[in-house]
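There are 2 protein chains.
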Amino acid sequence: MERSTTKRVTKRITTTAGGAQGIFSLLASVLAAVAGLALNTQTLAQTDPLPSWNDTPAKQAIVNFVKLTTDKSSSRFVPPEERIATFDQDGTLWVEHPIYTQVVFCLDRVPAVVKEKPELADAEPFKTVLSGDRGAIAKLSMRDLFKILAATLTGMSVDEFGAEVKKWLDTATDSRWKRPYTQLTYLPMIELLKYLRTNGYRTYIVTGGGQDFVRVYAEEVYGIPPEQVVGTMGGTKYSYDKEGKPFLTKKPELLLNDNDAGKPEGIHLMIGRRPYAAFGNSTGDRQMLEYTKAGEGLRLAMLVLHDDAKREYAYGPAQGLPDTKVGAFTPALHDEAAKQAGL
Amino acid sequence: MERSTTKRVTKRITTTAGGAQGIFSLLASVLAAVAGLALNTQTLAQTDPLPSWNDTPAKQAIVNFVKLTTDKSSSRFVPPEERIATFDQDGTLWVEHPIYTQVVFCLDRVPAVVKEKPELADAEPFKTVLSGDRGAIAKLSMRDLFKILAATLTGMSVDEFGAEVKKWLDTATDSRWKRPYTQLTYLPMIELLKYLRTNGYRTYIVTGGGQDFVRVYAEEVYGIPPEQVVGTMGGTKYSYDKEGKPFLTKKPELLLNDNDAGKPEGIHLMIGRRPYAAFGNSTGDRQMLEYTKAGEGLRLAMLVLHDDAKREYAYGPAQGLPDTKVGAFTPALHDEAAKQAGL
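Going down the list, the sequences are from chains A and B. Each step along the first sequence adds one to the number in the working numbering, with nothing skipped, and position 97 is 97. Adding 1000 to a residue's 1-based position in the second sequence gives its number in the working numbering.
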């Protein structure tokens, strides 16, 4: 069985920098996980907790961080209850190109929504989505996209929504990989989640994606329970059905946009503790990484660099170009991180 | 050493009712905990996990619920990851009369706020608060109270706020009991928290009080960590200080009022799972109890009845009167619960 060992490595940039500001590392080349292999946990080596990682300073930084913060005799020891590690999802734990999985779900749901509300069939942006014209759909504005998200992610009960997502995930497949989306995770990052948990860290997802959406599969896919999923949050409304049984309906009301500054704000809201380690891959994760690093003691902040076009996608700094569409990770952020890491 | 054994019991109403709708019990007379005793965990008997509870159907309902939901051979078995128990705080875990502790904190903070903003000294409701006229303060409207809450609970950094609350709790004392507020907890309920945790339940606070306020002391007082405190939530704003260090400021923006319907909504937002057991004492807890009961399998929903005027306060149904000021628990809710419990 093939083991994903990040053979195609174009960059290996990382370092450790101790002190109150903690460690800032650029995590390069961890994106070689072949989809599907992520679930084959039996193949993981027993001795090396991160067998899919090349022996780079990035890996060493992680191992050092874990050793120092879990060793009671270390001045950097962190009590178990404070061991929080937060992970962005899209582009950090699973593939985000060419389009966020949740957006695919929303687009796929448009016909069902139009069936319930036929007047939408001739209204934009629903008309364009129904046309199936991929070029036109790709050109939809953010404003149009929000209309689609609101129409497809709200208006039903929380339970109905969860069932819809589950049904979709069971049948939908990625067009390039021909696999369910839940298999498009990065094996090295799955190993990292487990390694941190084995060492007493509680792993949280902190995603710009919908909190209710990610909660449906996070336990099965990442081993992360619903209460440890922080995402973009919408309001719900409590009411009663005909039999007097209470239920919650998803409202088109944004409580918190869990991107950019919303990530540390969401972490405070949902966890109430500052993470000791944080992992992201785009400018939308910048504030989460900054907030993590700004805590006292040893902290670990890492960025995933997407540089493997063959086994995943190469974009952002790996191409020397800003990518403003999906998972924007500009060369400027890359350079800033490299500078902070003393590279 | 005195053991609080709920000697003054005026009502003992409880029952168990299995089935899909679960158990609804009226928990009477658990309010005899003498303040301060709550922390003497050494005095708890080893054999009886609830030594401060009289041997009533209420106690039996709890013990039965725990036994059935944690016994793998039982049809009512609940997997450990789903064992969630939620507790209202004011009037359920600690004393709420004659005034919510957090409101006392806010009133006590008014002079400091006015010192920073002298223009408030002659503006209502601050002028009334500064006058020290207890009668006039007690008559302030809800609208005035919200002005005081906004002025005293927001505008500072999250860290500064936490430090302020901690400092206040270390020095302020209740006027009747002459003890720190953190000692005014109900010993039987502290035992219940521990009993549930010992049996794999994760205990959450779900309070109308401020989430950031309660998180400051919940770990020390109740053994409940910050991430398991759900409360009324305000927004925060991420920004940088002069040295470029990021911090979060508490904004006067209400994200969720964690009372009434806000309780199940807050539970969904923060936990994403339906509780198996819920405990409250007022009409503000009604929806949380309903939502808990509406889940499948065996559920436990209980109300604390305040009937001990000597060792705590007697109010609400124990007086046969609605109490609309603090911890409103109307005879109607009492009667409905009793009816559902088959009493």
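Ideal Cβ placement from N, Cα and C applies to all residues, glycine included. Values in this document were obtained by computation on a predicted structure and should not be read as measured data.
Any chain B beta carbon closer than 9 Å to residue i
| i | result |
| --- | --- |
| HIS268(A) | yes |
| LEU39(A) | Confidence in LEU39(A) is poor, its pLDDT being 37 and thus under 50, which makes the residue's placement unreliable; the coordinate value appears in the next sentence. Taking Cβ atoms only, chain B never reaches closer than 9 Å to LEU39(A), which makes this a no. |
| PRO264(A) | yes |
| PHE247(A) | yes |
| GLY132(A) | no |
| VAL103(A) | no |
| TYR195(A) | no |
| ASP335(A) | no |
| LEU256(A) | yes |
| LYS361(A) | As shown, chain A starts at 1 and ends at 343. That puts residue 361(A) outside it, with no answer to give. |
| ARG273(A) | yes |
| VAL78(A) | no |
| GLY18(A) | Low local confidence applies: a pLDDT of 32 at GLY18(A) is under 50, so the model's placement there is unreliable, and no value is given. |
| LYS167(A) | no |
| THR261(A) | The identity of residue 261(A) in the sequence shown is Ala, whereas the question assumes Thr. Chain B contact via Cβ: present. |
| ARG8(A) | Residue confidence for ARG8(A) is low, a pLDDT of 30 falling below 50, so the modelled location carries little weight; the figure read from the coordinates is stated next. No - not a single Cβ of chain B is within 9 Å of the one on ARG8(A). |
C-beta neighbour in chain A for residue i, strict 9 Å
| i | result |
| --- | --- |
| LYS1339(B) | no |
| VAL1206(B) | no |
| TYR1315(B) | no |
| GLU1116(B) | no |
| HIS1294(B) | Looking at the sequence provided, one finds Ala at residue 1294(B) rather than His. Yes, ALA1294(B) counts as interfacial toward chain A. |
| ASP1088(B) | no |
| MET1302(B) | no |
| ILE1023(B) | Caution is warranted here: a pLDDT of 36 is assigned to ILE1023(B), below 50, making its placement in the model unreliable, and the coordinate value is therefore given only provisionally. ILE1023(B) does not count as touching chain A. |
| GLN1233(B) | The question names Gln, yet the displayed sequence has Met at residue 1233(B). Closer than 9 Å: yes. |
| TYR1291(B) | yes |
| VAL1158(B) | yes |
CB contact flag (residue i, residue j, <9 Å)
| i | j | result |
| --- | --- | --- |
| ILE1271(B) | LEU1192(B) | no |
| ALA294(A) | ARG274(A) | yes |
| THR1203(B) | PHE1087(B) | yes |
| VAL1103(B) | LEU1149(B) | yes |
| SER1157(B) | LYS1250(B) | yes |
| VAL1110(B) | ALA1151(B) | yes |
| LEU1184(B) | SER1052(B) | no |
| PRO252(A) | THR154(A) | yes |
| LEU248(A) | ALA85(A) | no |
| THR1092(B) | GLY1316(B) | no |
| TYR201(A) | ARG83(A) | yes |
Cross-chain neighbours of residue i in chain C, by beta carbon under 7 Å
| i | result |
| --- | --- |
| PRO1225(B) | Annotation note: the requested chain C is absent from the structure, which comprises protein chains A and B. |
Helix, strand or coil at residue i [DSSP, three-state]
| i | result |
| --- | --- |
| VAL1066(B) | helix |
| TYR201(A) | coil |
| PHE77(A) | coil |
| TYR240(A) | strand |
| VAL1129(B) | helix |
| ALA1338(B) | helix |
| PRO57(A) | helix |
| MET288(A) | helix |
| ILE267(A) | helix |
| THR185(A) | strand |
| GLY162(A) | helix |
| GLY1316(B) | helix |
| THR207(A) | strand |
| LEU50(A) | coil |
| TRP1168(B) | helix |
| PRO98(A) | coil |
| LEU1093(B) | coil |
| LEU255(A) | strand |
| ALA261(A) | coil |
| LEU37(A) | Because the pLDDT of LEU37(A) is 35, which lies under 50, any placement of that residue in the model is unreliable, and the question is left without a value. |
| PRO1111(B) | helix |
| THR152(A) | helix |
| ALA332(A) | helix |
For residue i, the residue or residues it bridges with in DSSP
| i | result |
| --- | --- |
| LYS1250(B) | THR1236(B) |
| ILE84(A) | ARG202(A) |
| THR283(A) | BP columns for THR283(A) are empty, so no partner. |
| VAL221(A) | BP columns for VAL221(A) are empty, so no partner. |
| LEU145(A) | Its beta-bridge partners do not exist; DSSP assigns none. |
Examine the Cβ distances between the segment 1226-1245 of chain B and the segment 257-275 of chain A and report whether three or more of them are shorter than 8 Å.
Yes, since at least three Cβ pairs between the segment 1226-1245 of chain B and the segment 257-275 of chain A fall closer than 8 Å, the two stretches touch.
Exercise for the section: Indicate whether the contact test is met: 3 or more Cβ pairs, each with one atom in the segment 1211-1229 of chain B and one in the segment 1132-1143 of chain B, closer than 8 Å. Expected result: no
- prompt: Within the chosen definition, does the segment 1050-1068 of chain B reach the segment 1288-1307 of chain B through at least 3 CB pairs nearer than 8 Å?
  reply: In short, these stretches touch, since the Cβ pair count reaches three.
- Message: Does the segment 123-136 of chain A come into contact with the segment 153-171 of chain A, if we say contact requires no fewer than three beta-carbon pairs (one atom in each stretch) closer than 8 Å?
- Response: no
Using 8 Å as the cut-off, can you tell me whether the segment 69-81 of chain A makes contact with the segment 205-214 of chain A, which would need three or more C-beta pairs spanning the two stretches below that distance?
no
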